[in-house]
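J.: For the sequence shown, the positions run 1 to 675 when this note's numbering is used.
For every residue, glycine included, the Cβ atom is placed at its ideal position computed from N, Cα and C.
Please see the structure below; I have some questions.
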Amino acid sequence: MNDLAIIRERLARSLAEAPARMRGEASESLSTAAAYASLGEDGSWPDIDYADRQRSHWAPALHLRRLLEILQAARAAGPGSAEESDRLSAARRALSYWLQRDPQSDNWWHNDIGAPMVMGQILLVFGDDVPAADRAAGIGILARVEIGMTGQNRAWLATIAFMRALLTDDEPLARTALGEILGEVRVTTSAEGIQPDWSFHQHGPQLYQGNYGTSFIETIAPYATLLEGTALAMSADKIETLCQMLLEGTNWMAWGDLLDYHVVGRFITCPQRSRWESRDLVAACQHLAAASPKHRAALGTLHGRLTGALAAGAGEAPSGNRHFWRSDFSVHRRAGFYASIRMSSTRTVRSEQCNGEGLRNYHMGDGVTLFLQSGQEYVGIFPVWDWRRLPGVTCRQADEPLPILSVGRHRGATEFVGGASDGADGLAALHYSLDGVSARKAWFCRGSEIVCLGAGIRSEADAVLTSINQCLARGEVTVGAGPGHEAAAAGQVYDGWRWAHHDALGYLALDGEGASLRVATQTGSWQQINSNFPDEPVSREVLSLWVDHGVAPAGGAYAYAVLLGVDAAAMPARADAPGFTVLANREDLQAVTFGSDLLQAAFHAPGALEWPGGPTVQVDRGCLVMLRRTEAGWRLYVSEPTQTTPELTATVGGRSIAVTLPSGGQAGATVSLPV
1 MNDLAIIRER
11 LARSLAEAPA
21 RMRGEASESL
31 STAAAYASLG
41 EDGSWPDIDY
51 ADRQRSHWAP
61 ALHLRRLLEI
71 LQAARAAGPG
81 SAEESDRLSA
91 ARRALSYWLQ
101 RDPQSDNWWH
111 NDIGAPMVMG
121 QILLVFGDDV
131 PAADRAAGIG
141 ILARVEIGMT
151 GQNRAWLATI
161 AFMRALLTDD
171 EPLARTALGE
181 ILGEVRVTTS
191 AEGIQPDWSF
201 HQHGPQLYQG
211 NYGTSFIETI
221 APYATLLEGT
231 ALAMSADKIE
241 TLCQMLLEGT
251 NWMAWGDLLD
261 YHVVGRFITC
271 PQRSRWESRD
281 LVAACQHLAA
291 ASPKHRAALG
301 TLHGRLTGAL
311 AAGAGEAPSG
321 NRHFWRSDFS
331 VHRRAGFYAS
341 IRMSSTRTVR
351 SEQCNGEGLR
361 NYHMGDGVTL
371 FLQSGQEYVG
381 IFPVWDWRRL
391 PGVTCRQADE
401 PLPILSVGRH
411 RGATEFVGGA
421 SDGADGLAAL
431 HYSLDGVSAR
441 KAWFCRGSEI
451 VCLGAGIRSE
461 ADAVLTSINQ
471 CLARGEVTVG
481 AGPGHEAAAA
491 GQVYDGWRWA
501 HHDALGYLAL
511 DGEGASLRVA
521 TQTGSWQQIN
531 SNFPDEPVSR
541 EVLSLWVDHG
551 VAPAGGAYAY
561 AVLLGVDAAA
571 MPARADAPGF
581 TVLANREDLQ
591 AVTFGSDLLQ
601 AAFHAPGALE
611 WPGGPTVQVD
621 RGCLVMLRRT
631 EAGWRLYVSE
641 PTQTTPELTA
651 TVGGRSIAVT
661 LPSGGQAGAT
671 VSLPV
């Protein structure tokens, strides 16, 4: 048996056993048995609109999925059985109908990737149990596809060509297709795909670890075992690159079986999509673990978290702080909680709308800050979200619809966007400018505490608001003002609170700007954010906390902290003694100290900071600085958010330190130096 025959047999067997599904298909609830029973004599299903041409949830895609499921049932029944014979007969009718009808979508993806991909899988599972004319016609659909595009789209197109090569015993085509597929397994700074910080880009420099990134891993990881022992085997360096992307990138962005909503792009407006995305990684973990003994243990525990066998923060889950400088994205997590900050700069795409999805994503790249512990905090909230009050965002308040961001084109407005981290803790900062509103925003993360500062908030005419959080109201909300506290009543607005508590999250108002809180029923529909879904009303009880800066603020500010994993009973004491000190919250400088061992500072311009009890810090250009006391003495951590400067000078306690900054794909990364 030659190599192509070995690979074809392996792939056909794995496809026969894998759950059948197709991206972008319309929703349905038919079981395989029901689909088999309802198949018409002509090979069609009466509930499928074959004339549908929708760009996203394309109805005819269901036909191919059901066909593949019936084929899988036939193979599971066992060779020569009556059930196998009956199922194969039904599958042949369904295949013949599709080939005669040849449905088309108005979205190129379904015509060039979605349908041909499943057609190739169907033909491989059929093997010789299909009429020669239909087999040839099916291969003809695959032959329409040309390899092109970039990133995951290119990997999909090349995979279709590879399946065609297996079906036609075309080794030159197989080698060409594999070259294209595995050619995408590389770190790049000039194209879509895997970035030097292990984040993943698609549709320009846009963070897409979910959907396109998970599809990338899902598509390519099986080749690690599929090709093993053949002349076409995947190289060790390609396997290592995939493992690094999964463990050092995606792993950091997953909380249990949930992928961070930030990393699924426009698909945040699809119900449960973040959990579906994580399911795509389960088999990938198994394939890569089989091919990489070095990472087998880590991949095994990731597999456990994705499947729910392990708790979200268990099994050597990432713990600490990481800033993905190529994607303007920060993650701060421990065993019991997960928080993330999504920003955008002139280097990165903010978000996108495409195929009727992501219709209100306008502010998703503007400092949205999400807090996860149980993983239920935002499940199903998106149709009722006030999309001008996204957690962490400072923006104008208006009644008109939010603008639409087209595919991969809209970047942030400023260069100064970045983060600094020592691996355990870190800070992030954003120069915000959009729709006539500007602000200096910074997040300071240490342990279970995140201090959020805003300064220089300006708008010429509009009302401006900073949202602290907007999440599902799950259980009692406690509000503390002065010496007392009370349970928040639904529908009532609480102004001027000192502290608040809900769902193991504590909130501290750190200045006199007047933070507000409300628990109320909010109503919307999935169609308002994704035109592919029904316009049926959806209502949820929502907790909102915010700071109102009024109309046309001229130098407004905010200061609040979020404490993760805290009991309500501890909040009065934390309000009196928070455990950190805000040293500065100005347009040129924002800084926080945590005890006497850690300073975090966002220098928005050259300047100096006097730290009572610690060394004075001075820098000759804008940058982000951390200073941590260790057993060996002070250690300095520096990053330069504009990613344009080769070096800067920091002076710590009178000692001048020349800091050589990273360049190329490492520009924006943190530099660590002893003091």
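1. Does DSSP classify Gln244 as helix, strand or coil?
2. Which residue or residues does DSSP assign as beta-bridge partners of Lys441?
3. Is the stretch 621–638 in contact with the stretch 454–473, if contact means three or more CB pairs nearer than 8 Å?
4. Is Gln397 close to chain B? Criterion is C-beta to C-beta, closer than 8 Å.
5. On the criterion of 16 or more Cβ atoms from any shown chain inside 10 Å, does Val493 qualify as buried, or is it exposed?
6. Is it buried or exposed, Glu536, if we count other Cβ atoms within 10 angstroms and call 16 or more buried?
7. What are the partner residues of Gln494, as DSSP defines its beta bridges?
8. Check each candidate in Leu95, Pro646, Arg305 and Leu242 and name the one with the smallest Cα separation from Ala667.
9. Can you give the beta carbon distance from Arg164 to Asp422, rounded, assuming they're within the 8 Å contact cut?
10. Classify Arg186 as buried or exposed, calling it buried when 16 or more other Cβ atoms lie within 10 Å of its own Cβ.
11. Quick one: give me the first and last residue of the beta strand (DSSP E) that Tyr507 is part of.
12. From the DSSP output, in three-state form, read off Gln206 for me.
13. Closer than 7 Å to a non-hydrogen atom of the ligand GDP - does that hold for the CB of Gly595?
14. Could you check what DSSP says for Asn211 in three-state terms: helix, strand or coil?
15. Quick check on DSSP: helix, strand or coil for Pro293?
16. If we ignore side chains and look at the alpha-carbon of each, how far apart do Pro293 and Gln286 end up?
17. Quick one: residues in its chain with C-beta nearer than 7 Å to the C-beta of Gly356, no 5 flanking neighbours on either side, listed in chain order?
18. Which of helix, strand or coil does DSSP assign to Tyr261?
19. Nearest-angstrom Cα distance between Ala298 and Phe267?
20. From what residue to what residue does the beta strand (DSSP E) around Arg499 run?
21. Could you pull out every unbroken beta strand (DSSP E) segment of at least 3 residues lying fully inside the stretch 278–360, listed in chain order?
22. Any contact of the stretch 582–600 with the stretch 460–468, i.e. 3+ C-beta pairs under 8 Å?
23. Pop quiz: Ile139 and Thr168 are said to be a contact at Cβ under 8 Å. What is the actual Cβ separation, rounded to whole angstroms?
24. Would you kindly report the start and end of the unbroken alpha helix (DSSP H) that includes Leu4?
25. In this structure, does DSSP put Thr32 in helix, strand or coil?
26. Tell me which same chain residues have a C-beta within less than 6 Å of the C-beta of Phe416, skipping the five on either side of it?
27. On the three-state DSSP scale, how would you describe Phe267?
28. Using DSSP bridges, identify the partner residues of Asn469.
29. Can you look up Ala424 in the DSSP assignment and give me helix, strand or coil?
30. Determine the contact status of Val264 and Arg273, defining contact as a CB-CB distance below 8 Å.
31. Is Val652 buried or exposed, if buried means 16 or more other CB atoms sit within 10 Å of its CB?
32. Enumerate in chain order the residues of its own chain whose CB-to-CB distance from Trp325 is below 6 Å, with the five nearest sequence positions on each side excluded.
33. Would you report the Cα separation of Glu25 and Ser539, rounded to the nearest angstrom?
34. Starting from the Cα of Asp366, find the closest Cα among Ala442, Gly480 and Asn585 and give me that residue.
35. Short of 6 Å in beta carbon distance, which residues of its chain neighbour Gly556, apart from the five on each side in sequence? Order them along the chain.
T.: Inspection of the coordinates gives the following:
1. helix
2. Leu430 and Gly454
3. no
4. This model lacks chain B altogether; it includes just one protein chain.
5. exposed
6. exposed
7. Going by the sequence as given, residue 494 is Tyr instead of Gln. The partner list for Tyr494 (beta bridge, DSSP) reads Leu517.
8. Pro646
9. Not really, about 50 Å apart at Cβ, beyond 8 Å.
10. exposed
11. Leu505 to Ala509
12. coil
13. Among the components of this structure there are no ligands whatsoever, and the ligand GDP is therefore not found.
14. coil
15. helix
16. 11 Å
17. Arg55, Ser56, Asn530, Ser531 and Asn532
18. helix
19. 28 Å
20. The sequence shown places Trp at residue 499, rather than the Arg named in the question. From DSSP, the beta strand (DSSP E) with Trp499 extends over Trp499 to His502.
21. 320–324, 329–334 and 337–342
22. no
23. 7 Å
24. Asp3 to Glu17
25. helix
26. His431, Pro641 and Thr642
27. helix
28. Leu545
29. coil
30. yes
31. buried
32. Asp197, Gly668 and Ala669
33. In this predicted model, Glu25 has a pLDDT of only 49, less than 50, meaning its place in the structure is not dependable enough to derive any value.
34. Ala442
35. Ile457 and His549
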